[in-house]
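Taken in order, the sequence shown gives residues 83 to 443; the numbers are from the working numbering. Glycine residues also receive a C-beta, built at the ideal position from the N, C-alpha and C atoms. Just so we're clear, the structure is a prediction, and the values are computed from it rather than from any experiment. The structure appears right after this line, and notes come after that.
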Amino acid sequence: MHDRLEAVEGRLAVLDRMLADPAILADARRMRELSREHHHVNEVVEAWRAHKKLLADLESAREMLGENDPEMRELVRAEVADLDRQIADSETALKIMLLPKDPYEGRPILLEIRAGTGGDEAALFAGDLYRMYSRYGERRGLRFDVMSMSSVNPGGSAKSAGIKEVVVSVTGDAAYNALRFESGVHRVQRVPATEAQGRIHTSAATVAVMPEPDEIEIKIDPNDLDIQRMRAGGPGGQSVNTTDSAIRIVHKPTGITVQCQDEKSQLKNKDKAMRVLKARLLEREASARHAEEAAERKAQVGSGDRSERIRTYNFPQNRVTDHRINLTLYKLDQVMEGDIEELVSALLADHQTRLMAAQGT
Numbered sequence: 083m084h085d086r087l088e089a090v091e092g093r094l095a096v097l098d099r100m101l102a103d104p105a106i107l108a109d110a111r112r113m114r115e116l117s118r119e120h121h122h123v124n125e126v127v128e129a130w131r132a133h134k135k136l137l138a139d140l141e142s143a144r145e146m147l148g149e150n151d152p153e154m155r156e157l158v159r160a161e162v163a164d165l166d167r168q169i170a171d172s173e174t175a176l177k178i179m180l181l182p183k184d185p186y187e188g189r190p191i192l193l194e195i196r197a198g199t200g201g202d203e204a205a206l207f208a209g210d211l212y213r214m215y216s217r218y219g220e221r222r223g224l225r226f227d228v229m230s231m232s233s234v235n236p237g238g239s240a241k242s243a244g245i246k247e248v249v250v251s252v253t254g255d256a257a258y259n260a261l262r263f264e265s266g267v268h269r270v271q272r273v274p275a276t277e278a279q280g281r282i283h284t285s286a287a288t289v290a291v292m293p294e295p296d297e298i299e300i301k302i303d304p305n306d307l308d309i310q311r312m313r314a315g316g317p318g319g320q321s322v323n324t325t326d327s328a329i330r331i332v333h334k335p336t337g338i339t340v341q342c343q344d345e346k347s348q349l350k351n352k353d354k355a356m357r358v359l360k361a362r363l364l365e366r367e368a369s370a371r372h373a374e375e376a377a378e379r380k381a382q383v384g385s386g387d388r389s390e391r392i393r394t395y396n397f398p399q400n401r402v403t404d405h406r407i408n409l410t411l412y413k414l415d416q417v418m419e420g421d422i423e424e425l426v427s428a429l430l431a432d433h434q435t436r437l438m439a440a441q442g443t
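What follows is the structure, given as structure tokens:
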């Protein structure tokens with residue numbers, strides 16, 4: 083591990099020189115990639131230098147164990163024990179930093195939430211999930227912009243109506259890391275407001291997290307697109323329902339269909355629809371390249387049936403359970419207000435542990 087860390091330190095010097103190169107400064111895409119790498123490498127180097135200082139402090143402390151003063155020796159033993167603990171923690175942190183980086187880390191994402199099994203109750207739960215993620219995003223400093231939304235109760239506000247489907251652009255450096263493990267079927271158990279006899283119903287919603295591709299990652303032949311212009315449906319402000327501003331795009335080779343109608347401008351709706359289409363095509367390509375990951379994702383997302391789930395939200399017991407890591411928390415009320423950091427952190431820790439086990443570290 084030490085040799086790898088020394089190599090990383092050397093890479094930092096190389097990156098410093100590259101980022102000062104006028105040719106790279108003129109290439110926005112290359113500059114963005116190198117700046118992202120520099121940020122990560124610099125964090126690793128700072129942690130490595132702090133680790134080396136701890137090792138030097140430990141060596142100095144051990145040299146003092148030969149002191150004749152018993153009281154001094156006891157103080158030194160306590161310092162050595164404390165340094166041993168800090169060094170162990172530092173080594174674990176460095177191992178995590180050296181894990182293979184996810185290629186989508188640092189990307190903006192599209193978050194898609196769809197009502198699954200359960201009718202109107204599933205749509206209400208999809209709306210609850212949307213609010214949960216929105217509030218979590220506020221805590222993490224993420225920006226949420228609605229790309230498209232289909233509501234069960236169109237007269238309600240975006241955050242109060244039941245949702246058939248919503249696609250949201252999430253931006254911010256931590257967008258992908260914060261939500262990457264949320265893909266899958268989310269099951270809810272509660273008494274619907276319309277249930278007169280107080281019986282608990284089970285319904286489901288699906289969540290998909292799709293990294294947005296870079297400009298050169300997805301090339302689309304205009305001849306492969308069937309672009310349809312139409313009048314937007316649902317409630318409308320000025321011009322929304324009076325002009326053909328809605329856009330539906332069908333990607334003929336794959337059959338993927340995207341529709342956007344939330345903007346008054348046809349051009350803005352088309353731009354949003356193309357972003358969603360590219361994200362879905364990138365996800366499709368990634369699944370084709372990684373058949374094993376594709377099978378895992380299918381098991382997670384599935385069809386939205388209540389029997390397939392990654393997480394259960396039980397309102398009567400104020401309980402949320404993530405079935406992938408067997409974690410149960412009795413604070414569902416807080417979770418639905420956006421306090422999902424404990425779930426996110428536990429899923430990340432499990433992922434990192436599996437990666438380290440695979441590497442034998």
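(request) Report yes or no: is there a C-beta of chain B within less than 8 Å of the C-beta of L193? (result) The structure shown contains no chain B, having only a single protein chain.
(message) Quick check on DSSP: helix, strand or coil for E161?
(response) helix
(request) Let me know the secondary structure DSSP gives A89 once reduced to three states. (result) helix
(request) With a cut-off of 8 Å on the beta carbons, I'd call A129 and L176 a contact; round off their distance for me. (result) 6 Å
(request) Please work out which residues of its chain come closer than 8 Å, Cβ to Cβ, to L307, disregarding the five sequence neighbours upstream and downstream, and give them in chain order. (result) I331, V332, H333 and K334
(request) Please determine, among R86, K134, A260 and K360, the residue with the shortest C-alpha to C-alpha distance to S216. (result) A260
(request) Thinking Q348 and R311 are a contact (beta carbons under 8 Å), I'd like their distance in whole angstroms, please. (result) 7 Å
(message) What does the Cβ neighbour count give for V249, buried or exposed, with the cut at 16 atoms within 10 Å?
(response) buried
(message) According to DSSP, is A143 part of a helix, a strand, or is it coil?
(response) helix
(message) Excluding the 5 residues flanking M438 on each side, which residues of the same chain have their C-beta closer than 8 Å to its C-beta?
(response) K177, I178 and L181
(request) Return the chain-ordered list of same chain residues with a C-beta closer than 8 Å to the C-beta of L140, the five sequence neighbours on each side being excluded. (result) V162, L165, D166 and I169
(message) Considering just the uninterrupted stretch of the alpha helix (DSSP H) at D202, what are its terminal residues?
(response) G201 to R222
(request) Taking 8 Å as the threshold, find out whether the segment 285-292 comes into contact with the segment 193-207 through three or more Cβ pairs. (result) yes
(request) Determine the extent of the alpha helix (DSSP H) in which A287 is found, giving its start and end residues. (result) Where A287 is concerned, there is no enclosing alpha helix (DSSP H), although the beta strand (DSSP E) it sits in stretches over H283 to P293.
(message) By the three-class DSSP mapping on this structure, what secondary structure does H120 have?
(response) helix
(message) Short of 7 Å in beta carbon distance, which residues of its chain neighbour Y258, apart from the five on each side in sequence? Order them along the chain.
(response) Y186, E187, G188, R189, I191 and P293
(message) Below 8 Å on the Cβ atoms is my contact criterion, and I expect A256 with R281 to pass it. Report the Cβ-Cβ distance as a whole number of Å.
(response) No, A256 and R281 are not in contact; Cβ-Cβ is about 40 Å, not under 8 Å.
(message) Quick test of your reading: M356 and M214, contact by CB under 8 Å. State the CB separation rounded to the nearest angstrom.
(response) M356 to M214, Cβ: 28 Å. No contact.
(message) If you reduce the DSSP assignment to three classes, tell me which class Y258 lands in.
(response) helix
(request) List the DSSP bridge partners of Y395. (result) V270 and V402
(request) Just the C-alpha distance for V151 and S142, rounded to the nearest angstrom, thanks. (result) The residue asked about is misnamed: residue 151 is Asp in this sequence, not Val. D151 and S142: Cα-Cα distance of roughly 17 Å.
(message) With DSSP as the reference, identify every bridge partner of E194, one or two as the case may be.
(response) V249 and A290
(message) Measuring straight from C-alpha to C-alpha, what distance separates M229 and T253?
(response) 13 Å
(request) Have a look at the DSSP bridge pairing and note the partners of Q341. (result) R330
(request) Go ahead and label E194 buried or exposed: buried means 16 or more other beta carbons lie within 10 angstroms of its beta carbon, across all protein chains shown. (result) buried
(message) Rounded to the nearest angstrom, what separates P295 and D415 at their Cα positions?
(response) 35 Å
(request) Taking only the alpha-carbon atoms, compute the straight-line gap between G318 and M231 and give it to the nearest angstrom. (result) Reliability fails at G318, whose pLDDT of 45 lies under 50, so the model's placement of it is uncertain and no value is given.
(request) Measure the CB-CB distance between Q341 and S327 and report whether it falls below 8 Å. (result) no
(message) Report the CB separation of L409 from A431 in whole angstroms; it is logged as a contact under 8 Å.
(response) About 10 Å separates the two Cβ atoms, so there is no contact after all.
(request) Can you grab the Cα-Cα spacing for the pair G442 / R118, in whole Å? (result) 27 Å
(request) Could you tell me if A361 is buried or exposed, where buried requires 16 or more neighbouring beta carbons within 10 angstroms of its beta carbon? (result) buried
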